[in-house]
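Right, one structure below, let's go through it.
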DNA sequence: ACCGACCAACCGACCGTTCGGTCGGAAGAA
DNA sequence: TTCTTCCGACCGAACGGTCGGTTGGTCGGT
């Protein structure tokens, strides 16, 4: 397990510590394992996990590869850390009280809205989660968690169909997959600071529940 | 350049030629470059492009790594071949006459339906296309073609909003992205033979244009 | 004296790719 | 028919290079 404690969460000048050559400001940088997970998640998304070397990661963190190993136990541990953050964010939504009380449709709408918010705020981590191939044990664990999450959504969709709140012309599982697919596709184009988050949330909710066709 | 001519497009007993140990039936197998592209696309999707070794590919084709090189010029050429097939399929839809004539909404509906069909029939190739990271020149070329495709969709969405056929509450570019995102998300769960294609096409069209909410 | 941050040099494994050579059928000459 | 020549399919072995990870050590603060 990674044991380093938090000392400095980042670097104020670039947002990512020492991504360009630092002039060796002593030997005190102090990267927490957590901030390195953030760096790693970004690089994983740019290059792809397999194409990312430990040297790429350490360079992005501004230290040498061997120094990097002083802070983290290995490549897969970084992936695990990032995936855990994504999974925790997603399941956190399900455990919020508006996701557990109220009519099925209201719960579903709430989950969609919150899921968009989590996707946006935890973008690099969720992106990583949604692009997994399942090659390692860590990846398969995350894939399984995703599957459980999707099942929860499917169950709520089914309830909402039973109450007649949403159209029951589709199979619940298929409707849930289209729903999740739409929300998750945000990671392919959403970039923070380009679109106000509340506006994005409203647009996605409208698209998912009302569709594209004119209401007039 | 790949120079082998088509001799046998596949193998009737497994659907993929020689994926299990063949008892050396002479030295006549005769893989066309095309059938090897199909094998490669499947393995790329299972393992991820970067994580796939040439040995993985040759093993899937049932020949040695060095024999494999007798038929193809290299790893990236296989990727290129697969991506070209996906891109051609997608742009082919746009050039069909129902995609160019009629009201914007009718054209959009047609494109969505046909795009689902292309996704389904060319699943491995389109999957590859939609998961690119842009590390190599080939990948960047494909990404650029995708961008052009999305722009075409955006233009039609904008037209349909101008005519009032679809809701203009969303920005055209954002509506187009949600639309494409929904359709493209099929690659994450659609598997042939599980769902009749016409039914899938109808479901996706309905979801995209009518949304989930009840029509009653 | 000790400790945490840091790094150059290194390791075995595996990568994509090349190459020399074998095998068996097709084709032409006898 | 038999002999000879040729060719495409095929493979084992090895190449240069890069990978994830380790080692042995320096340096500055306390």
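Residue numbers (the numbering used here), protein chains in the order written: chain V, 1 to 216; chain Y, 1 to 216. A virtual CB, placed ideally from N, CA and C, is assigned to each residue, including glycine. Only a predicted model underlies this, so the values are computations on that prediction, with no experimental measurement involved.
CB contact flag (residue i, residue j, <8 Å)
| i | j | result |
| --- | --- | --- |
| residue 122 of chain V | residue 197 of chain V | no |
| residue 76 of chain Y | residue 138 of chain Y | yes |
| residue 86 of chain V | residue 192 of chain V | no |
| residue 109 of chain V | residue 199 of chain V | no |
| residue 79 of chain V | residue 167 of chain Y | no |
| residue 113 of chain V | residue 43 of chain V | no |
| residue 94 of chain V | residue 187 of chain V | no |
| residue 150 of chain V | residue 180 of chain V | yes |
| residue 182 of chain V | residue 52 of chain Y | no |
Amino acids of chain Y, ordered along the chain, whose beta-carbon sits closer than 8 Å to that of residue i
| i | result |
| --- | --- |
| residue 166 of chain V | 212, 213 and 214 |
| residue 141 of chain V | Residues of chain Y passing the Cβ test: none, with the nearest at roughly 17 Å. |
| residue 146 of chain V | In chain order: nothing, as chain Y lies at least about 10 Å away. |
Residue i to residue j span [Cα, whole Å]
| i | j | result |
| --- | --- | --- |
| residue 154 of chain Y | residue 185 of chain Y | 18 Å |
| residue 157 of chain V | residue 177 of chain V | 10 Å |
| residue 81 of chain Y | residue 214 of chain Y | 44 Å |
| residue 175 of chain V | residue 66 of chain V | 48 Å |
| residue 135 of chain V | residue 127 of chain V | 17 Å |
| residue 36 of chain V | residue 142 of chain V | 20 Å |
| residue 63 of chain Y | residue 144 of chain V | 34 Å |
| residue 50 of chain Y | residue 207 of chain V | 35 Å |
| residue 161 of chain Y | residue 172 of chain Y | 8 Å |
| residue 164 of chain V | residue 96 of chain Y | 39 Å |
| residue 115 of chain Y | residue 140 of chain Y | 22 Å |
| residue 57 of chain V | residue 146 of chain V | 26 Å |
| residue 84 of chain Y | residue 159 of chain V | 43 Å |
| residue 189 of chain Y | residue 54 of chain V | 32 Å |
| residue 74 of chain Y | residue 106 of chain V | 53 Å |
| residue 209 of chain Y | residue 210 of chain V | 8 Å |
| residue 148 of chain V | residue 148 of chain Y | 36 Å |
Selected residue, minimal CA-CA separation from residue i, among the options
| i | options | result |
| --- | --- | --- |
| residue 92 of chain Y | Y/199, Y/152, Y/164 and Y/204 | Y/152 |
| residue 59 of chain Y | Y/211, Y/40, Y/50 and Y/142 | Y/40 |
| residue 48 of chain Y | Y/170, Y/150 and Y/132 | Y/132 |
| residue 61 of chain Y | Y/161, Y/38 and Y/125 | Y/38 |
| residue 98 of chain Y | Y/89, Y/150, Y/111 and Y/74 | Y/111 |
| residue 89 of chain V | V/55, V/54, V/107 and V/125 | V/125 |
| residue 170 of chain Y | V/148, V/195 and V/159 | V/195 |
Proximal residues of chain V, C-beta to C-beta of residue i below 7 Å
| i | result |
| --- | --- |
| residue 208 of chain Y | 211 and 212 |
| residue 182 of chain Y | 178, 181, 182 and 185 |
| residue 50 of chain Y | 48, 50 and 51 |
| residue 101 of chain Y | Under the 7 Å cutoff, chain V gives no residues; its nearest Cβ is about 20 Å from residue 101 of chain Y. |
| residue 194 of chain Y | The premise fails here: residue 194 of chain Y is roughly 10 Å from chain V at the closest Cβ pair, so nothing lies under 7 Å. |
| residue 80 of chain Y | What residue 80 of chain Y touches in chain V: nothing, since even the nearest Cβ is about 17 Å away. |
Where residue i meets chain Y, residues with beta-carbon distance less than 7 Å
| i | result |
| --- | --- |
| residue 74 of chain V | Neighbours of residue 74 of chain V on chain Y: none; closest Cβ ~16 Å, over 7 Å. |
| residue 113 of chain V | Ordered by position in chain Y, no residue passes the 7 Å Cβ test against residue 113 of chain V, which lies about 14 Å from the chain. |
Chain-ordered chain V contacts of residue i [CB-CB under 8 Å]
| i | result |
| --- | --- |
| residue 204 of chain Y | 178 |
Contact set between residue i and chain Y, taken where Cβ atoms lie within less than 9 Å
| i | result |
| --- | --- |
| residue 170 of chain V | 203, 206, 207 and 212 |
| residue 188 of chain V | 130, 177, 180, 181 and 184 |
| residue 191 of chain V | What residue 191 of chain V touches in chain Y: nothing, since even the nearest Cβ is about 12 Å away. |
| residue 85 of chain V | Ordered by position in chain Y, no residue passes the 9 Å Cβ test against residue 85 of chain V, which lies about 21 Å from the chain. |
9 Å Cβ cut-off: residues of chain V touching residue i
| i | result |
| --- | --- |
| residue 175 of chain Y | 203, 207 and 212 |
| residue 158 of chain Y | Chain V residues near residue 158 of chain Y: none, gap ~12 Å exceeds 9 Å. |
| residue 217 of chain Y | The question about residue 217 of chain Y has no answer here: the residues shown for chain Y are numbered 1 through 216. |
Discussion item. For the pair the stretch 62 to 70 of chain Y and the stretch 101 to 118 of chain Y, tell me if three or more CB-CB distances fall below 8 Å.
Written reply: With the cut-off at 8 Å, the stretch 62 to 70 of chain Y and the stretch 101 to 118 of chain Y do not touch.
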